[in-house]
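From first to last, the protein sequence lines are chains V and U. Heads up, the first sequence is in the numbering used here, so the first residue is 2 and it goes up one at a time. Heads up, the second sequence is in the numbering used here, so the first residue is 2 and it goes up one at a time. We put the CB at the ideal spot given by N, CA and C, even for glycine. First the structure, in the form of structure tokens, and then the observations on it.
There are 2 protein chains.
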Amino acid sequence: MSKEITARATDYSKWYNDLVIKGELADYSAVKGCMVIKPYGFALWENMRDALDKMFKDTGHVNAYFPLFIPKSFLSKEAAHVEGFAKECAVVTHYRLKNDPNGGGVFVDPDAKLEEDLIIRPTSETIIWNTYRDWIKSYRDLPLLINQWANVVRWEMRTRLFLRTTEFLWQEGHTAHATAQEAIEETEKMLEVYATFAEEFMAVPVVRGVKTANERFAGAVDTYCIEALMQDGKALQAGTSHFLGQNFAKAFDVKFSNKENQLEHVWATSWGVSTRLVGALVMAHSDDQGLILPPKIAPLQVVIVPIYKGDEQKPVIDEKAKEIMANLKNLGIRVKYDDNDNNRPGWKFAEYEMKGVPVRLALGARDLEKNVVEVARRDTKEKMIVGLDGIAQYVDGLLLEIQRNMFNKAKTFRDEHITPADSWDEFEKLLDEKGGFIAAHWDGTPETEETIKEKTKATIRCIPLNNVQEDGKCVLTGKPSAQRVLFARAY
Amino acid sequence: MSKEITARATDYSKWYNDLVIKGELADYSAVKGCMVIKPYGFALWENMRDALDKMFKDTGHVNAYFPLFIPKSFLSKEAAHVEGFAKECAVVTHYRLKNDPNGGGVFVDPDAKLEEDLIIRPTSETIIWNTYRDWIKSYRDLPLLINQWANVVRWEMRTRLFLRTTEFLWQEGHTAHATAQEAIEETEKMLEVYATFAEEFMAVPVVRGVKTANERFAGAVDTYCIEALMQDGKALQAGTSHFLGQNFAKAFDVKFSNKENQLEHVWATSWGVSTRLVGALVMAHSDDQGLILPPKIAPLQVVIVPIYKGDEQKPVIDEKAKEIMANLKNLGIRVKYDDNDNNRPGWKFAEYEMKGVPVRLALGARDLEKNVVEVARRDTKEKMIVGLDGIAQYVDGLLLEIQRNMFNKAKTFRDEHITPADSWDEFEKLLDEKGGFIAAHWDGTPETEETIKEKTKATIRCIPLNNVQEDGKCVLTGKPSAQRVLFARAY
């Protein structure tokens, strides 16, 4: 069978790639490091995007669109930002091609060199704050709460489908405020939006926290993050929300006159999540048979497969299937009736298991006589024989139950994988043998953080919000520490 | 008043720019030829996009996402395509920047030159058909009905907000079929989707037609188009749908095995509309006071402005306004209550006229005593005093009436501006004095078409679908002709 998947235990990384490719979420492309998001994967992303977009709008944000190109000089304007982003960028240097009349193909016209090179946006703070200078004059223009859905490019050397690609899709919120306090509240509010989305829609529990200085966004005063745990015990940063202070306002000279008619620099935030979330979703829930998608964002929530012998049975099943479909659709459920007779039921069962469709109804002629149907749930692989009367309501409830069960299962796993370590031996042993988050004391210095990273590849994922304060000693240096932080190896 | 608009009669082109800038649809950017789509303009585009997206999905299409970058060599693979698109393109030649440690800013790392230059997609046929080669093996894989919402870049020398920008947003459908007939039907179906969208949502009547060979998409066998008429008598191509034959399948070697198990090249279509439609919308309907937006896609359909003196009146008006808002929202109407007390009612009236909000309710204390409200419609500028009982239903009906009226008005104007010309003198005179579409006989040769373009700047906008066949003589050469075609000067 061509669709066989590598088992997690055999090769976790290969298992992940198999799921993405064979589950038809994405495909490799002719351009190094770039992927094609296939229709099934894109439908999943659309559901995620639409849910997030609604949450952004419900919290007062509006969408806009800024240019793909950033003048090279803009990147140099904010000192920390340039260190972080003036690296692996795609650079546009020319604006014209010519076609060789002798059939030698297309070549770049050397006369069409740009006066100033343009960078494909790796993130848009610079071009947006350069624009905000014209839009913000008075406190009456604040707050400015803008989001953008866009593609961005970061020239990655080692790429992985969804998790790290040269081009990716994301949203980036860029807000402007009159006070530091208001900007910090916005930063925290958007972190909570991300956490709610991850937990309620993706069924992925996350730790809300703050990054250390080493892991901060280039140009931020503080970076907040949500951290998720994958089944192999590695952490994955699933979203970040930055308090930018007045750094970009100063770099781009964005001032407003306050109520006392005095000029002040504006306070900023930015926050983003990307198609990387699709990778997180796949790795958090799926099994060796394929994807397991949470009902709230699954492109297809229910599939109905007819089981019949001979042509007489088919019309009766068709009729019942259409009735069930109509009832499910009335409840807002995304359902498909797969009566394609090129494939046998067993093939279809495997296919929809691979695709992670939460609920499968197998509708047979004998079942119909008994007025029942076989219901299979993807998350637990249980099969139930259920009466056809009220089946739509039953399925509706089951989808909720699956969503809840997926979250609870992931949360139990995550909670079991936050382990305290009080000595360096314990720390290393836990990392190698158990994985997950390790809660350990740290002396607060970037040097110690860096040493631990060099020794173990583990980084400080975050200092959890509302962290318990307790006296302790740094797991590496033994120096005094006031709280534990979460270490992990990460994607 | 800073928001004054140049009159159409004074300078049509400046009028258009004033509307886009002062109506807050878009802004110029720091990157030559690129614009910023502002929140109000983007909300309008979102409504257009969502309506189109639903129509695409209702006709069986799914969305996907392909890379922003196209390897330079791909452009050369289809002979006609390369002529059309290997021109003004943005070219990525390098993938790394370095930060000058001596403070000289950012520079492009000369060691990071790409082995093959990458083109920012001007359209995606090549990268998509290169991908379809792996996706299409059998007739069972067909039809493939895929759409993509994306940004594209064409390095334009002369740009205008929305109408022609270096980067723009669009959708591009790319479908694959087993037969020519099926591909032609798809091409025509999508043209009809565009026409329906333009007429029913944008309230812009369009002529459905086919382009002449000169105006065909580079790589197409046939280009279908919808053509709209602007208030200055110039035409605007509002959407195109291309039958690509087997050109791209041959260029990228995309074959399928048919039911007889023989290999055949696949048949293709592509079709697209862009943010240019926003420009068409603005120019088709607006007046010297500002935008006039059709209710179906207006970001805001109704605004309520309170009129009061003193603080006692305000709470009573607030309460009634909130009741009206709730009733309007229940009917799915997008409504805002503007009780910002920084601005006076007269300022607000002008502001919402500028923004093209279809219906304004002015709610005063005296009106409330009489249980009435002043309703102003943007399209005709009529004001009516209407009873408050059942006001939501009244407004709901009025929005429909405005949508209908805007279409009828534009259609009357368009129909009055399709004028037959039977001599060259008449042709030139009509073009200069009346504008609009000129229905004239043409001898069918590209040479005559080119000569007419050189003499008058008028092009053949299209040969209308289901065109009346009648014997005649070419308006320029006098040679025999079997039908009239539509000429116009165009955007």
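When Cβ-Cβ separations below 7 Å define contact, residue 478(V) makes no contact with chain U. Selection 32(U), 25(U), 312(U), 164(U) evaluated against residue 354(U) yields 25(U) as nearest (Cα-Cα). When DSSP states are grouped into helix, strand and coil, residue 152(U) belongs to the strand group. Taking the beta carbon of residue 156(V) as reference, the chain U residues within 8 Å of it are 96, 97, listed in sequence order. Residue 226(U) sits away from residue 213(U), with the two beta carbons spaced by 7 Å or more. Shown here, residue 348(V) sits in a helix according to DSSP, grouped into three states. For the C-beta of residue 90(U), the chain V residues within less than 8 Å are, from N- to C-terminus, 96, 97, 98. The criterion of a C-beta distance shorter than 7 Å is not satisfied by residue 450(V) and residue 464(V).
Between residue 396(U) and residue 360(U), the gap from beta carbon to beta carbon is short of 7 Å. With contacts defined as CB atoms closer than 7 Å, residue 119(V) and residue 70(V) qualify as a contacting pair. Each of 308(U), 217(U), 324(U), 147(U) was checked against the Cα of residue 54(U), and the nearest Cα belongs to 147(U). Under the DSSP assignment, residue 14(V) falls in the alpha helix (DSSP H) whose first and last residues are 13-23. At a cut-off of 7 Å, the C-beta of residue 63(U) has a neighbouring C-beta in chain V. Residue environment for residue 164(V): buried (at least 16 other C-beta atoms within 10 angstroms of its C-beta). For residue 226(V), DSSP records a beta bridge to 210(V), 241(V). Here the alpha carbon of residue 261(V) sits roughly 16 Å from the alpha carbon of residue 343(U).
If you compare the alpha carbons of 407(V), 426(V), 490(V), 413(V) with that of residue 438(V), the shortest gap goes to 490(V).
Between residue 77(U) and chain V, the shortest Cβ-Cβ separation is below 7 Å.
When Cβ pairs closer than 8 Å are counted between the two stretches, the region 285-301 of chain V is seen not to touch the region 168-181 of chain V, the count staying below three. Excluding the 5 residues flanking it on each side, residue 318(V) has same chain C-beta neighbours closer than 6 Å at 307, 309, 364, in chain order. Boundaries of the alpha helix (DSSP H) around residue 395(U): 392-417. With a cut-off of 8 Å on Cβ pairs, the region 88-101 of chain V is not in contact with the region 23-40 of chain V, counting fewer than three such pairs.
Put simply, the CB of residue 146(U) is far from chain V, with every gap to its CB atoms at 7 Å or more.
Cβ contact annotation for residue 265(V) (same chain, cutoff 7 Å, sequence separation greater than five): 256, 257, 259, in chain order. For residue 28(V), the uninterrupted beta strand (DSSP E) segment begins and ends at 27-29. With contacts defined as CB atoms closer than 7 Å, residue 169(V) and residue 127(V) fail to qualify as a contacting pair. Taking the CA atoms as reference points, residue 435(V) sits about 13 Å from residue 459(V).
Around residue 433(V), no beta-carbon contact reaches into chain U at under 7 Å, the shortest distance being about 35 Å. When rounded, the separation of the alpha-carbon atoms in residue 46(V) and residue 198(U) is 26 Å. In this structure, the beta-carbon distance from residue 206(U) to residue 178(U) does not fall below 7 Å. In the structure shown, residue 176(U) adopts extended strand secondary structure according to DSSP, grouped into three states. The region 265-276 of chain U makes contact with the region 187-201 of chain U; the number of CB pairs closer than 8 Å reaches 3 or more. DSSP, read as helix, strand or coil, puts residue 192(U) in helix. Apart from the 5 residues on each side of it in sequence, residue 113(U) sits with its Cβ closer than 6 Å to the Cβ of 95, 96, 97 in its chain, given in chain order. For the region 41-53 of chain V, residues whose beta-carbon sits nearer than 9 Å to a beta-carbon of chain U comprise 41, 42, 43, 44, 46, 47. Cβ neighbours of residue 137(U) within its own chain (closer than 7 Å, five residues either side excluded): 143, 145, 177, 255, 257, 267.
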